[in-house]
Amino acid sequence: MISSQCKQNKKSIIYIGGSKTQIPGIVCAKLANLEVVVTDRAINAPARKFADRFENIAADDIDQLYALALELYKQNKLVGIYGVADYAYQAIGYIYDALKIPYGSCKLYKNMSDKSISRAIWEDFHISTARGYTIHNGIIPDALDLHFPVIVKPADSYNSRAVRTVAEQNNLIAAVENTSIYGSKVIVEELIKGQHVNVDMVIVDGEAFPAGITERFFVDNINHQPLSGIHGYEFEKINSVQLYNLVKQACDSIGFNNGPVTADIILSEGIPYLLEVSPHFHAIEVSSIINLDQILTGWFAYLAGDSDWRNYMHPVAKGFSAYYHIFSDNTGILDEIIGLDKLRQYKGLVDIDVRCSIGSKLNNIFDKKPFCGIVTLKANTYCELHNILFSLDRDIKVVSH
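Encoded structure:
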């Protein structure tokens, strides 16, 4: 039995985000012997029952998050804050600056979230990124020296929101105007065709620990919604060492020295082009399926002051895992999701997380398909998972009116 004195001295972390997909990350923090204080805007967030303490606070509520952090800090318990939503990092940076916690800052997270800033930094460090421009206040220069098609996206946004492909010059003005709804700065960059990957890594005091690579596939339309991904440690025809070195170089250039990080990269004719880096893992739910979440436990153990934290930092992947996002082609009222019964027959099925119920309203955001749920799967080989994912794309249909 743990004594009350031990419980009182236990270090705490604030974990921002209580969705079902965050439960594996919360479990990692608990395995590191941290008291996990989970916050979420939803009072009945699924991860609430896994928390040591739960607070009904939205990820962008800086005042309430700071009050919670200050309470724990005064008790000499707070060692860090982890947030999965990109919009949580304004609050996290503010708290780190105010309480002088060394693992982040407002400036650092601004450099990471604002693609116009990170692009300029990477260009200064000769890191390959998509060729493009930053458009301010919707004013497009007369001579944009770009080859179409191009990608138009907000400089500071998240979840692929308002990202779209523009095929020709005549459609550029309207696309920039629409995207400017999400911020005064818009990125216009040449579309790079190639293999999309996420590269996960944990950095501890400047030392890098690889945490796996995810190959990503997107919805086949002008909007770049991530449809599915296959996560593992190594893939054929991918120079993983090159990718990990690139991510480390990118993090060094913007001053990111501590914490989990995911980089979005496109491989085109063997050349990796860096698009963005985020201070968290994108897909902890698929990492957990094949043991690669162990490295996140190592990061939390480091925060907890565990001298054995390095024991977690070299996980061995147990197969391959995948996610598949269920989307609806239409807005309206959900009638049925076809194909779930067939899906349940797959040997490698781990979970079906349907986020909406029959009769609920499906809404899209900026021409995005409405999101309905996540499927997670596991297999021993890449090819097996790849075949399953593309059969799902044929078999699962959302019916609405």
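If you read the sequence shown in our numbering, its first letter stands for residue 2, the second for the next number, and so on.
Virtual Cβ for every residue (Gly too), placed ideally from N, Cα, C.
How about residue i and residue j: are their beta carbons less than 7 Å apart?
{"i": "Ser-279", "j": "Thr-263", "result": "yes"}
{"i": "Ile-327", "j": "Gly-360", "result": "no"}
{"i": "Glu-191", "j": "His-148", "result": "yes"}
{"i": "Val-177", "j": "Ile-136", "result": "yes"}
{"i": "Val-248", "j": "Val-198", "result": "no"}
{"i": "Asp-396", "j": "Lys-348", "result": "no"}
{"i": "Ala-163", "j": "Ile-188", "result": "no"}
{"i": "Ile-334", "j": "Val-399", "result": "no"}
{"i": "Ile-27", "j": "Ala-46", "result": "no"}
{"i": "Lys-12", "j": "Leu-32", "result": "no"}
{"i": "Pro-227", "j": "Phe-236", "result": "no"}
{"i": "Asn-259", "j": "Tyr-90", "result": "no"}
{"i": "Glu-266", "j": "Leu-275", "result": "First, the amino acid is wrong: residue 266 is Ile here, not Glu. Contact: yes."}
{"i": "Thr-40", "j": "Ile-58", "result": "yes"}
{"i": "Tyr-134", "j": "Leu-100", "result": "no"}
{"i": "Gly-256", "j": "Leu-109", "result": "yes"}
{"i": "Lys-319", "j": "Val-351", "result": "no"}
{"i": "Val-203", "j": "Pro-273", "result": "no"}
{"i": "Thr-130", "j": "Pro-150", "result": "no"}
With 16 other CB atoms within 10 Å as the buried threshold, where does residue i fall?
{"i": "Ala-168", "result": "exposed"}
{"i": "Ser-329", "result": "buried"}
{"i": "Arg-356", "result": "exposed"}
{"i": "His-232", "result": "buried"}
{"i": "His-402", "result": "exposed"}
{"i": "Cys-384", "result": "exposed"}
{"i": "Asn-388", "result": "exposed"}
{"i": "His-283", "result": "buried"}
{"i": "Ser-229", "result": "buried"}
{"i": "Arg-345", "result": "exposed"}
{"i": "Thr-298", "result": "buried"}
{"i": "Ser-441", "result": "Past the boundaries of the shown model lies residue 441; the chain is included only from 2 to 402, so the question cannot be answered."}
{"i": "His-281", "result": "buried"}
{"i": "Gln-23", "result": "buried"}
{"i": "Gly-306", "result": "exposed"}
{"i": "Phe-55", "result": "buried"}
{"i": "Asp-1", "result": "Since the first and last residues shown for the chain are 2 and 402, residue 1 lies out of range."}
{"i": "Val-317", "result": "exposed"}
Quick one: what does DSSP say residue i is sitting in, helix, strand or coil?
{"i": "Met-113", "result": "helix"}
{"i": "Pro-150", "result": "coil"}
{"i": "Ile-296", "result": "helix"}
{"i": "Tyr-104", "result": "coil"}
{"i": "Asn-1", "result": "In the structure displayed, the chain extends from 2 to 402; residue 1 sits before or after that span and is not available."}
{"i": "Asp-265", "result": "strand"}
{"i": "Glu-72", "result": "helix"}
{"i": "Thr-22", "result": "helix"}
{"i": "Gln-6", "result": "Because Gln-6 carries a pLDDT of 41, less than 50, the predicted location of this residue cannot be relied on, and the following value inherits that uncertainty. It is helical."}
{"i": "Asn-246", "result": "helix"}
{"i": "Val-177", "result": "helix"}
{"i": "Glu-190", "result": "strand"}
{"i": "Ile-128", "result": "coil"}
{"i": "Ser-119", "result": "helix"}
{"i": "Val-399", "result": "strand"}
{"i": "Val-287", "result": "helix"}
{"i": "Glu-270", "result": "coil"}
{"i": "His-387", "result": "helix"}
{"i": "Asp-87", "result": "helix"}
{"i": "Glu-233", "result": "Note that residue 233 is Gly in the sequence shown here, rather than Glu. Residue state, collapsed to three classes: strand."}
{"i": "Ser-308", "result": "coil"}
{"i": "Tyr-313", "result": "helix"}
{"i": "Leu-393", "result": "helix"}
{"i": "Ser-185", "result": "coil"}
{"i": "Tyr-95", "result": "helix"}
{"i": "Tyr-347", "result": "coil"}
{"i": "Ile-359", "result": "coil"}
{"i": "Ser-241", "result": "helix"}
{"i": "Ala-46", "result": "coil"}
{"i": "Tyr-16", "result": "strand"}
{"i": "Asp-64", "result": "helix"}
For residue i, which beta-bridge partners are listed by DSSP?
{"i": "Arg-165", "result": "Val-153, Asn-224"}
{"i": "Phe-55", "result": "Val-39"}
{"i": "Ile-204", "result": "Ala-209, Gly-260"}
{"i": "Phe-301", "result": "Phe-301 is not bridged to any residue."}
{"i": "Thr-382", "result": "DSSP output for Thr-382 lists no bridge partner at all."}
{"i": "His-197", "result": "Arg-217, Ile-267"}
{"i": "Asp-352", "result": "Thr-377"}
Just to check my reading of the structure: residue i and residue j have Cβ atoms closer than 8 Å, yes? What is that Cβ distance to the nearest angstrom?
{"i": "Gly-84", "j": "Ile-93", "result": "6 Å"}
{"i": "Tyr-313", "j": "Ile-296", "result": "6 Å"}
{"i": "Ile-17", "j": "Ala-68", "result": "In fact, because the Cβ distance is near 14 Å, the residues do not count as touching under 8 Å."}
{"i": "Ile-404", "j": "Phe-321", "result": "Summary: the structure shown does not reach residue 404, with the chain confined to residues 2 through 402, and so no result is reported for it."}
{"i": "Phe-301", "j": "Cys-107", "result": "About 23 Å separates the two Cβ atoms, so there is no contact after all."}
{"i": "Leu-304", "j": "Val-80", "result": "4 Å"}
{"i": "Ile-141", "j": "Ile-182", "result": "So it is not a contact: roughly 16 Å between Cβ atoms."}
{"i": "Ile-128", "j": "Gln-250", "result": "6 Å"}
{"i": "Leu-145", "j": "Gly-195", "result": "In fact, because the Cβ distance is near 22 Å, the residues do not count as touching under 8 Å."}
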